Amino acid sequence: QKEVEQDPGPLSVPEGAIVSLNCTYSNSAFQYFMWYRQYSRKGPELLMYTYSSGNKEDGRFTAQVDKSSKYISLFIRDSQPSDSATYLCAMTTGSGDKLTFGTGTRLAVRP
Amino acid sequence: DVKVTQSSRYLVKRTGEKVFLECVQDMDHENMFWYRQDPGLGLRLIYFSYDVKMKEKGDIPEGYSVSREKKERFSLILESASTNQTSMYLCASSLGLQETQYFGPGTRLLVL
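Just so you know, the sequences run in chain order A and B. For the first sequence, the working numbering begins at 1 and goes up steadily by one. For the second sequence, the working numbering begins at 1001 and goes up steadily by one.
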């Protein structure tokens, strides 16, 4: 079993929909959680960074962490075709270990 | 803004050739990483470096080597390219080992 699991998709939604992207993990020591966005044929770029449990909002994006369930989510409100990309979650304990990445979920937002 | 650049966006090489991929970062980061990314497999860590001349194997180091002679530069070397090394190669850097990684644009390598 992988340490971080992420549904590969593809996930196809109409423009304006609310999108929910998720990762589950097995290591209860993970404390820092990130979401990266990767456009086709480009490198991943950091989208959201959260520490421990709770929500963090940035514009149309909300990152949610539920440490009791070992589950993190990224919500995209009013999705746009420009949100079409692969979204990767990443996490770390913060105790000197490297980031552990999910495999990514491919999202397509239809105009 | 952190900038990570990679020497080539696209490369085509023949089986058996020696291949050099170079990565440069401009933020004085201690740590640098080389990944390959394949459909369905996600990012797989090949090697990383936490200081000049220091390197550690990642999850899939076989067939690869690395060099870090200067802090800003991290090179990935394919000693004898094989077709199963056709992939997208991504370089990243970070200040601390557990901190946010900043990625380059990637190099698409095709080995014929």
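Every residue, glycine too, gets a C-beta built ideally from N, C-alpha and C. Values in this document were obtained by computation on a predicted structure and should not be read as measured data.
Thinking C-alpha only, which one of the options is nearest residue i?
i: B/Y1102; options: B/E1022, B/C1091, B/G1040 and B/M1054; result: B/C1091
i: B/S1080; options: B/K1053, B/T1015 and B/N1031; result: B/T1015
i: B/T1107; options: B/E1022, B/F1033, B/S1082 and B/K1055; result: B/E1022
i: B/K1070; options: B/K1013, B/T1086 and B/K1055; result: B/K1055
i: B/P1061; options: B/R1044, B/Y1050 and B/R1073; result: B/R1044
For residue i, which residues in the same chain have their Cβ closer than 8 Å to its Cβ, ignoring the five residues on either side in sequence?
i: A/G54; result: Q64 and V65
i: A/G16; result: D78 and S79
Take the Cβ of residue i as the centre, count every other Cβ of all protein chains shown within 10 Å, and call the residue buried at 16 or more, exposed below.
i: A/S12; result: exposed
i: B/R1115; result: This structure cannot settle anything about residue 1115 of chain B, because the visible part of chain B is limited to 1001 through 1112.
i: A/T92; result: buried
i: B/N1031; result: buried
Does the distance from the C-beta atom of residue i to that of residue j stay below 9 Å?
i: A/F61; j: A/I18; result: no
i: B/S1093; j: B/H1029; result: yes
i: A/L107; j: A/G9; result: yes
i: B/G1058; j: A/F101; result: no
i: A/Y49; j: B/T1100; result: yes
i: A/E3; j: A/Y25; result: yes
Give me, in chain order, the residues of the same chain whose beta-carbon lies closer than 7 Å to that of residue i; leave out the 5 immediate sequence neighbours on both sides.
i: B/P1105; result: Q1006 and R1009
i: A/S84; result: L107, A108 and V109
i: B/S1065; result: I1077 and E1079
So does residue i have its beta carbon nearer than 8 Å to some heavy atom of the ligand MN?
i: A/S12; result: Absence of the ligand MN from the depicted structure is noted, as is the absence of any ligand whatsoever, leaving it without description.
Which residues of the segment 1038 to 1055 of chain B have a Cβ closer than 8 Å to any Cβ of chain A? Give them in chain order. Flagged, chain order: G1040, L1041, G1042, L1043, L1045 and F1048.
Going along the segment 1092 to 1106 of chain B in order, which residues come within less than 7 Å of chain A, judged by CB to CB distance? Taking 7 Å as the Cβ-Cβ cut-off, the segment 1092 to 1106 of chain B approaches chain A at L1097, Q1098, T1100, Q1101, F1103, G1104, P1105 and G1106, given in chain order.
Scan the segment 1062 to 1092 of chain B for residues whose Cβ lies nearer than 9 Å to a Cβ of chain A and list them as they occur along the chain. From the segment 1062 to 1092 of chain B, only M1088, L1090, C1091 and A1092 have a Cβ closer than 9 Å to chain A.
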